[in-house]
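Notes to accompany the following structure.
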Amino acid sequence: MTTKKTLNELANTTSVCDDYDPNSMPVAQAREYIKAFLSPVQETERVHLHAALGRVLAEEIHATHNVPNHDNSAMDGYAFNADDLAQGTTRLKITGAAFAGNALTGKFETGACVRIMTGAAIPAGADTVIAQERVEIHGEFVQLNDAPKRGANVRYAGEDLKAGQVVLNVGHQISPADLGLIASLGIGEVTVYRKLRVSFFSTGDELVSIGSTLKTGQIFDSNRYTLFGMLTRLGLEIQDLGAIPDDPVLLEKTLLKAAENSDVILTSGGVSVGEADYMKQLLQKLGQVLFWKIAMKPGRPLAFGKIGNAHYFGLPGNPVAVMVTFYQFVRQAMLMLMGQSNPASIPMLNVVCTSEIRKLKGRTEFQRGMLFVDEDGHWQVKTTGNQSSGVLSSMSQANCFIVLEDEVGNVEAGTLVKVQLFDGVM
Ligand code: AMP
Ligand code: MG
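Residue 204 in the UniProt record's numbering sits at position 204 of the sequence shown; the count goes up by one each step and never skips.
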């Protein structure tokens, strides 16, 4: 692959060279090129755990102590030493009680047992817990009829986290489980990368912002709202610069304003390759921008590059194409720019498709799909019907993409297809 070339060299490549063909760019190759030209955020800040969800760690989290920090009981029951049953004993005297968070009352003695609650520290000398449901109580004695194995129902110190181990790495995005994990170490603040600043605007003379009335040929700008939603879900600092008419002066002003204080600029519309539109000329003048026709449907045109220090993504104008290209290219790039070292790809599942799909080989199609449970309780997928890239209602109905890769042709009903879930971004 030609990713060793600079963005500038690629931007000035007019003819097809090596395996770089801007007019027929496979999806996977576009992803690789984008990855090669990303400069992630470097600045960091300290935040309280409450503000850390979705942020990307800029420090390693170490276990400062064992979690749990003492052997403890996994059950409400009785703690004893298995050696005391080895002599054939089945009755043990209760000589104490251990409650979670409290010191042992009474004491543990050889040949005896203590009442113990879930989470309470195992008294020194005891090594096994029997659940209360499995014993009979006779006054001060416990009768064990079927004793568990040595070590049963004991949770060991360090079984979750061992003192000194690396718990989370730099570049890890903090999930709800991670918040709990960090809290379990008693850590209340973490160092994360600062939020990514993203500016976005729509382009098109036909666009009207909500609040006005439509004249003939005009449409309401919906892309700014789908983008707002997807960017918000990624946890970015966003700036909405409005709907800008196809006017070179206004477009240039807006692009320069966006480049001044953003890490990323996103636009929709006006980047179709070969069109004599102002966006393309402006982008060539103001930065180093690549114009691709991706071998995919929907979402063929995509522009990518830099304007000043800001990364630039020029998404197509069609409402579904905007969402598809965002999900397939921009989402992962954003995660990397946010500081994630290696964002996981969205899992693909093989699911039986109940719809027949007509598909040309040689391009990747992202059909809008609906995963549903059939009468037998099996998950299956069907398409939403009309796959036109202007039909946004189908994105709203869908809960997944049916991903038909380059080599896939027509799909018969009842065969397996690859499905990519909407991952909380859409
Ligand atoms: P373009 O890429 O600018 O040629 O636009 C392709 C199609 O998407 C046209 O039908 C546009 O009217 C439509 N479109 C472009 N921008 C938006 C937008 N912000 N909201 C809704 N539709 C749009
Ligand atoms: Mg347009």
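Note that beta-carbon positions come from the ideal geometry of N, C-alpha and C, so glycine has one too. All values derive from a computational prediction rather than experimental measurement.
{"query": "C-alpha gap between D374 and Q380, whole angstroms", "result": "7 Å"}
{"query": "Integer Cβ distance of E60 from V190, believed to fall under 8 Å", "result": "Going by Cβ atoms, the distance from E60 to V190 rounds to 10 Å, so no, they are not a contact pair."}
{"query": "Pick from P298, G317, G139 and V198 that is closest to A259, judged by C-alpha positions", "result": "V198"}
{"query": "Assigned exposure category for H48 - 16 Cβ within 10 Å defines buried", "result": "exposed"}
{"query": "DSSP-derived helix/strand/coil call for E237", "result": "strand"}
{"query": "Closer than 7 Å: P319 CB and nearest the ligand AMP heavy atom", "result": "yes"}
{"query": "4 or more residues per run - each alpha helix (DSSP H) lying fully within the region 150–237", "result": "176–184 and 223–233"}
{"query": "Beta carbon of T203 nearer than 8 Å to that of A295", "result": "no"}
{"query": "Assumed close pair N153, A131 - CB separation to whole angstroms, cut-off 8 Å", "result": "7 Å"}
{"query": "Delimiting residues of the alpha helix (DSSP H) encompassing N8", "result": "L7 to A11"}
{"query": "Straight-line gap, S262 to S272 (C-alpha atoms, nearest Å)", "result": "24 Å"}
{"query": "The ligand AMP heavy atom lying under 7 Å from the CB of S396", "result": "no"}
{"query": "Identity of the residue in N72, M117 and R91 nearest A97 by Cα", "result": "M117"}
{"query": "Proximity test, D240 beta-carbon vs the ligand MG heavy atom, cut-off 7 Å", "result": "no"}
{"query": "Any non-hydrogen atom of the ligand AMP within 7 Å of L207 CB", "result": "yes"}
{"query": "Residues that M296 bridges to, as DSSP identifies them", "result": "T364"}
{"query": "Exposure of K149, with buried meaning 16 or more beta-carbon neighbours within 10 Å", "result": "exposed"}
{"query": "For G409, three-class secondary structure by DSSP", "result": "coil"}
{"query": "Residue closest to Q42, alpha-carbon to alpha-carbon, out of Y78, S341 and F329", "result": "S341"}
{"query": "Sheet register partners of E43 (DSSP bridge)", "result": "E43 is not bridged to any residue."}
{"query": "Cβ shell of G242 (< 6 Å), same chain only, five flanking positions each side left out", "result": "F201"}
{"query": "Heavy atom of the ligand MG within 7 Å of T325 beta-carbon", "result": "no"}
{"query": "C-alpha distance - M323 paired with L290, whole-angstrom precision", "result": "20 Å"}
{"query": "DSSP three-state assignment for A131, whether helix, strand or coil", "result": "strand"}
{"query": "Validate contact between the region 161–175 and the region 320–340 using beta carbons, cut 8 Å, 3 pairs", "result": "yes"}
{"query": "Alpha-carbon to alpha-carbon, P26 and Y33", "result": "11 Å"}
{"query": "In DSSP terms, what V114 is bridged to", "result": "A79 and G96"}
{"query": "Integer Cβ distance of E237 from K195, believed to fall under 8 Å", "result": "4 Å"}
{"query": "8 Å contact criterion, which A177 and H65 should meet: CB distance rounded", "result": "Not quite, the Cβ-Cβ distance comes to about 19 Å (not below 8 Å), so this is no contact."}
{"query": "Span separating the alpha-carbon of L251 from that of V403", "result": "35 Å"}
{"query": "Residues that DSSP places opposite R91 in a beta bridge", "result": "Q143"}
{"query": "Element boundaries [beta strand (DSSP E), containing residue 449]", "result": "In the structure as shown, the chain begins at 1 and stops at 426. Residue 449 is therefore absent and cannot be evaluated."}
{"query": "Same chain only: Cβ atoms within 6 Å of Q332, ignoring 5 sequence neighbours per side", "result": "P343"}
{"query": "S268 in three-state terms, based on DSSP", "result": "strand"}
{"query": "N223 CB to nearest heavy atom of the ligand AMP below 7 Å", "result": "yes"}
{"query": "Limits of the unbroken alpha helix (DSSP H) element including A321", "result": "P319 to T325"}
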